[in-house]
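In what follows, a single structure is set out as structure tokens and then discussed.
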Amino acid sequence: MSNGLKGIKTVRDFELEGKVVFLRLDLNVPMEGGKITDENRITASLPTIKYCMEKGAKLVLASHLGRPKTKDDKEFSLEPVAKRLQDLLGAEVILVEEPDSDAPKHLLPSLKKNQIILLENVRFEEGETKDSVEFAQKIANYSDIYINDAFGASHRAHATIHALPSVMKDKGIGFLIEKEITMLDSLLQNPKRPYIAVMGGAKVSDKIAVIERLMDVVDGFIVGGAMAYTFLKAQGLPVGKSLVENDKLKYAKEMIERIEARNKTILLPVDHVATKGITDTANARVTNDVAIAEDELGVDIGPKSIKNFSVALREAGTIFWNGPMGIFENPAFAKGTFGVAQAIAESDAVKIVGGGDSAAAAEASGFADKMTHISTGGGASLEYLQGDKLPGLEILRTRVR
Ligand code: AMP
Numbered sequence: 000m001s002n003g004l005k006g007i008k009t010v011r012d013f014e015l016e017g018k019v020v021f022l023r024l025d026l027n028v029p030m031e032g033g034k035i036t037d038e039n040r041i042t043a044s045l046p047t048i049k050y051c052m053e054k055g056a057k058l059v060l061a062s063h064l065g066r067p068k069t070k071d072d073k074e075f076s077l078e079p080v081a082k083r084l085q086d087l088l089g090a091e092v093i094l095v096e097e098p099d100s101d102a103p104k105h106l107l108p109s110l111k112k113n114q115i116i117l118l119e120n121v122r123f124e125e126g127e128t129k130d131s132v133e134f135a136q137k138i139a140n141y142s143d144i145y146i147n148d149a150f151g152a153s154h155r156a157h158a159t160i161h162a163l164p165s166v167m168k169d170k171g172i173g174f175l176i177e178k179e180i181t182m183l184d185s186l187l188q189n190p191k192r193p194y195i196a197v198m199g200g201a202k203v204s205d206k207i208a209v210i211e212r213l214m215d216v217v218d219g220f221i222v223g224g225a226m227a228y229t230f231l232k233a234q235g236l237p238v239g240k241s242l243v244e245n246d247k248l249k250y251a252k253e254m255i256e257r258i259e260a261r262n263k264t265i266l267l268p269v270d271h272v273a274t275k276g277i278t279d280t281a282n283a284r285v286t287n288d289v290a291i292a293e294d295e296l297g298v299d300i301g302p303k304s305i306k307n308f309s310v311a312l313r314e315a316g317t318i319f320w321n322g323p324m325g326i327f328e329n330p331a332f333a334k335g336t337f338g339v340a341q342a343i344a345e346s347d348a349v350k351i352v353g354g355g356d357s358a359a360a361a362e363a364s365g366f367a368d369k370m371t372h373i374s375t376g377g378g379a380s381l382e383y384l385q386g387d388k389l390p391g392l393e394i395l396r397t398r399v400r
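Residues 0 to 400, numbered by numbering that gives the first Met the number 0, are exactly what the sequence shown covers, in order.
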């Protein structure tokens, strides 16, 4: 059972006036040619930043961005993020180029009310991914309070997520993590019934642990995307050249049996959009039945499947959605994903979307604003739901209650 937020302080628990608050955020936004293509993670971080500013804290913000190999990988610079933050906050954002330098220490005493410091991509510093205490100590030397609001990075034991709070006394979480954990806990404890998990995406193997965890909690599964073909093949159905994980066939077969033995349901696609190649829209056709020809592969669920899934979703009390129903990035193969997004949007259920590709799919469908919560962390939300402890959260349990 998850410990939720037990023993963890929030930013509200601290007197912030005049204090240096080191705020670890997840500003890891997608970029193309130096332009931010989706600023959700920035806007989701604003409430905690604004709160700290209003309470008179001196702020040092930090985040990672992508996976730079060296400091010279300038395409991973947070500069565009600094500019955007500056506009959104109406405050001056001072970008410190060396995340492990003493520059913040020198800047902080004269920092004005409408100025905040942002460290350059913490992954430019080798110590970040090594969970280096030395790097953490440099930051701790000028910080009074550590606040983690980087949900999407909290499953990683990296220096600004784990080593840093391990050497600091005053530490807690921001509003974004508080909301994420509260929402995910609502899926684990007393969910409104029926509770349906919609699973899709490319790989069964990525989702096994979460399926195992959810099996005892949900009332039913809906499975689409490439994942579905492993389940269909496991039942002896022809799936052609569809993406199948052959080493997971036995598991998929047993899983169906175990779900049914618990008197729970698993809905699989009954028709597909099939084509001869993954980008071949010209030869795409709706299959009409569950069989896919030998020279075809399934790239989306078909209209009957959308209908079946939608009927179940409209009656749900709680929905957790992780993974698209097809290759939704190609508009020709997006109908299934968008149809399911619409059914989720129209249901009265508590509806939670599990980050990453699902968040992108919800966004692309145009129904994102109808969801109860879209997690900012794909990997982190799955790890939390499957019962794993997030290092960035565990290190913050300081109070006995
Ligand atoms: P995941 O990260 O496991 O949630 O997988 C998301 C990816 O699965 C998306 O990029 C989709 O394009 C891909 N996907 C979904 N359905 C299929 C399919 N039928 N065949 C191949 N890829 C798929």
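Quick reminder that beta carbons are idealized off the backbone N, C-alpha and C, glycines included.
What are the start and end residues of the alpha helix (DSSP H) that includes residue i?
{"i": "H271", "result": "Careful: H271 lies outside any alpha helix (DSSP H), inside the beta strand (DSSP E) at 271-274."}
{"i": "Y141", "result": "Per DSSP, Y141 belongs to no alpha helix (DSSP H) and is neither H nor E."}
{"i": "A315", "result": "No alpha helix (DSSP H) holds A315; DSSP gives it neither H nor E."}
{"i": "Q188", "result": "Note, Q188: premise wrong, no alpha helix (DSSP H); not H, not E."}
{"i": "I343", "result": "334-345"}
{"i": "V166", "result": "163-166"}
{"i": "L106", "result": "102-106"}
{"i": "L22", "result": "Not the alpha helix (DSSP H): L22 falls in the beta strand (DSSP E), residues 19-23."}
{"i": "S109", "result": "Segment: none, S109 is in no alpha helix (DSSP H) and carries neither H nor E."}
{"i": "S364", "result": "355-364"}
List the whole-angstrom C-beta distance separating residue i from residue j, where the pair is believed to meet the contact cut-off of C-beta under 8 Å.
{"i": "K104", "j": "N140", "result": "7 Å"}
{"i": "L24", "j": "A61", "result": "7 Å"}
{"i": "A379", "j": "F150", "result": "6 Å"}
{"i": "E259", "j": "L4", "result": "Not quite, the Cβ-Cβ distance comes to about 36 Å (not below 8 Å), so this is no contact."}
{"i": "I291", "j": "P330", "result": "Not quite, the Cβ-Cβ distance comes to about 21 Å (not below 8 Å), so this is no contact."}
{"i": "V59", "j": "I116", "result": "5 Å"}
{"i": "T397", "j": "K8", "result": "7 Å"}
{"i": "V132", "j": "P98", "result": "So it is not a contact: roughly 15 Å between Cβ atoms."}
{"i": "A358", "j": "I343", "result": "Contact doesn't hold; Cβ gap of about 13 Å is too wide."}
Beta-carbon separation of residue i and residue j under 8 Å?
{"i": "A196", "j": "L163", "result": "no"}
{"i": "A401", "j": "G239", "result": "Outside the shown range of the chain, which is 0 to 400, sits residue 401, and nothing can be said about it."}
{"i": "V209", "j": "L381", "result": "yes"}
{"i": "D148", "j": "S76", "result": "no"}
{"i": "I265", "j": "I277", "result": "no"}
{"i": "V203", "j": "K247", "result": "yes"}
{"i": "S165", "j": "L392", "result": "no"}
{"i": "R261", "j": "G386", "result": "no"}
{"i": "S241", "j": "G316", "result": "no"}
{"i": "Y250", "j": "I221", "result": "no"}
{"i": "L231", "j": "L183", "result": "no"}
Look up residue i in the DSSP assignment and say whether it is helix, strand or coil.
{"i": "D246", "result": "helix"}
{"i": "K252", "result": "helix"}
{"i": "I195", "result": "strand"}
{"i": "Q85", "result": "helix"}
{"i": "D218", "result": "coil"}
{"i": "I326", "result": "coil"}
{"i": "A292", "result": "coil"}
{"i": "V10", "result": "helix"}
{"i": "N321", "result": "strand"}
{"i": "E31", "result": "strand"}
{"i": "L64", "result": "coil"}
{"i": "D299", "result": "strand"}
{"i": "H154", "result": "coil"}
{"i": "K70", "result": "coil"}
{"i": "L395", "result": "coil"}
{"i": "F230", "result": "helix"}
{"i": "R261", "result": "coil"}
{"i": "I277", "result": "coil"}
Using only CA atoms, which one of the options lies nearest to residue i?
{"i": "L15", "options": "A227, K68, I160, I144", "result": "I144"}
{"i": "S309", "options": "N287, N282, V289, D347", "result": "D347"}
{"i": "D205", "options": "P193, A225, L187, L186", "result": "A225"}
{"i": "D368", "options": "N245, K350, L187", "result": "K350"}
{"i": "P302", "options": "L312, G173, T280, T286", "result": "T286"}
{"i": "N412", "options": "R261, T397, E53, V80", "result": "Here the chain covers residues 0 to 400 and nothing more, so residue 412 does not appear."}
{"i": "E119", "options": "I318, G355, N282, T159", "result": "T159"}
{"i": "R192", "options": "F319, G353, P29, D270", "result": "F319"}
{"i": "R66", "options": "D37, K34, P29", "result": "P29"}
{"i": "M370", "options": "Q85, Y383, V352, S364", "result": "V352"}
{"i": "L110", "options": "I300, V20, S100, N39", "result": "V20"}
{"i": "C51", "options": "Y228, R155, F174", "result": "F174"}
{"i": "F13", "options": "A227, G200, A201, K168", "result": "K168"}
{"i": "E179", "options": "Y383, G199, Q85", "result": "Y383"}
{"i": "N189", "options": "K73, K306, D72, V217", "result": "V217"}
{"i": "L187", "options": "A201, D215, G200", "result": "D215"}
{"i": "Y228", "options": "R40, M324, L84, Q341", "result": "M324"}
{"i": "S142", "options": "F332, P108, E125", "result": "P108"}
In terms of residues, what are the limits of the beta strand (DSSP E) holding residue i?
{"i": "K350", "result": "349-352"}
{"i": "G171", "result": "170-172"}
{"i": "V95", "result": "91-95"}
{"i": "T264", "result": "264-266"}
{"i": "I115", "result": "114-118"}
Give a yes or no on whether the minimum CB-CB distance between residue i and chain D is below 8 Å.
{"i": "P108", "result": "The chain labelled as chain D is not found in the depicted structure, where only one protein chain is given."}
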